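In the working numbering, the protein residues as written are 26 to 131.
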């Protein structure tokens with residue numbers, strides 16, 4: 026027997042979203058964001074795990090290491106934002122636009 030609810034849930038978790046990277050610059054008590062020339066996509070399940078705080082801590086360590094390998098200087102604060110597409114709203118109407126995912130110190 027086919028479980029359509031499970032198939033829809035699995036498809037939603039595997040749906041990919043785009044990540045945008047920004048260097049956080051603090052001057053005079055204000056924060057400015059400088060876009061970094063990096064783009065990648067991750068499954069929406071990873072985004073939900075970060076938001077629910079159920080992702081393992083090594084995720085952030087690995088992310089910092091990957092950013093450093095891509096040329097980001099050590100000690101830099103990087104903000105990740107997730108960009109949802111129109112297809113993501115099919116699974117959850119709240120998943121639209123661009124939202125802050127997390128910040129990582131490299």
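Even glycine gets a Cβ: it sits at the ideal position worked out from N, Cα and C. Computed from a prediction, not measured in an experiment: that's the story for all the values here.
Subject >> residue 92 versus residue 128 - alpha carbon distance >> reply: Distance between the alpha carbons of residue 92 and residue 128 is about 12 angstroms.
**OP:** Please report how far the alpha carbon of residue 95 lies from the alpha carbon of residue 89, in whole angstroms.
**Re:** Computed Cα separation, rounded: 10 angstroms.
Original post:
With distances taken between CB atoms, is the gap from residue 40 to residue 69 smaller than 8 angstroms?
Top reply: If you check the CB distance, residue 40 and residue 69 come in under 8 angstroms.
**OP:** Counting only the same chain and skipping the five closest in sequence on each side, list residues whose C-beta sits under 7 angstroms from that of residue 53.
**Re:** Hits under 7 angstroms: none found.
Original post:
Buried or exposed: where does residue 103 fall if 16 or more other Cβ atoms within 10 Å of its Cβ makes it buried?
Top reply: Residue 103 is buried by the Cβ-count criterion.
Original post:
Leaving out the 5 sequence neighbours to the left and right, which residues in its chain are closer than 7 angstroms to residue 122 when beta-carbon positions are compared?
Top reply: Residues 109 of the same chain have their beta carbon placed closer than 7 angstroms to that of residue 122, with the five preceding and five following residues left out of the count.
Subject >> Element boundaries [alpha helix (DSSP H), containing residue 70] >> reply: Per DSSP, the continuous alpha helix (DSSP H) segment holding residue 70 begins and ends at 69 to 76.
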